[in-house]
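Residue numbers (numbering that gives the first Met the number 0): 0 to 77. In this text, a Cβ means the ideal position worked out from N, Cα and C, and glycines have one as well. All figures in this text were calculated on a predicted structure; none of them were measured in a lab. One structure below.
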Amino acid sequence: MVLLFALLIGVGGGNSNSIQDAQAGSKNEFSLEQKRIEELKAQQKSEGDAKLAERESKKEEVAKLKAEKVKNPSRKRS
């Protein structure tokens, strides 16, 4: 009877360790997933910032061309 009880305690202890290992593994997976999400967000933000900067530079270029055209019209109006 004592031997059976000792085996049950031993098996139970082994299970708690494996449960703790599984929990630690899932925490590691969760933190890795969080890290991937943060990296993707940062990448999207940098891509968005680059697109915004490109749009702004195009707007500036168009504004310069319009100002230049006003100063030096190529066609005379009749």
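Between the CA atoms of residue j and residue i - distance to the nearest angstrom
i, j, result
"Lys70", "Glu55", "23 Å"
"Lys61", "Pro72", "Inspection of the sequence shows that residue 61 is occupied by Val rather than by Lys. Whole-angstrom Cα-Cα distance: 15 Å."
"Lys44", "Leu51", "10 Å"
"Leu64", "Ser30", "51 Å"
"Gly11", "Asp48", "Bear in mind that the predicted position of Gly11 carries a pLDDT of just 49, short of 50, making it too unreliable to give a figure here."
"Ala37", "Lys68", "The question names Ala, but residue 37 in the sequence shown is Glu. C-alpha separation (whole angstroms): 46 Å."
"Ala23", "Glu32", "14 Å"
"Leu39", "Glu28", "16 Å"
"Lys57", "Arg35", "33 Å"
6 Å Cβ shell around residue i - same chain, five flanking residues per side excluded
i, result
"Ser25", "none"
Own chain partners of residue i with C-beta closer than 7 Å, once the 5 adjacent residues on each side are dropped
i, result
"Gly13", "Legend: pLDDT at Gly13 = 49, less than 50; position of this residue unreliable, no value from coordinates given."
"Glu133", "Given that the chain is displayed from residue 0 to residue 77, the structure contains no residue 133 and the question cannot be resolved."
Same chain only: Cβ atoms within 8 Å of residue i, ignoring 5 sequence neighbours per side
i, result
"Glu46", "none"
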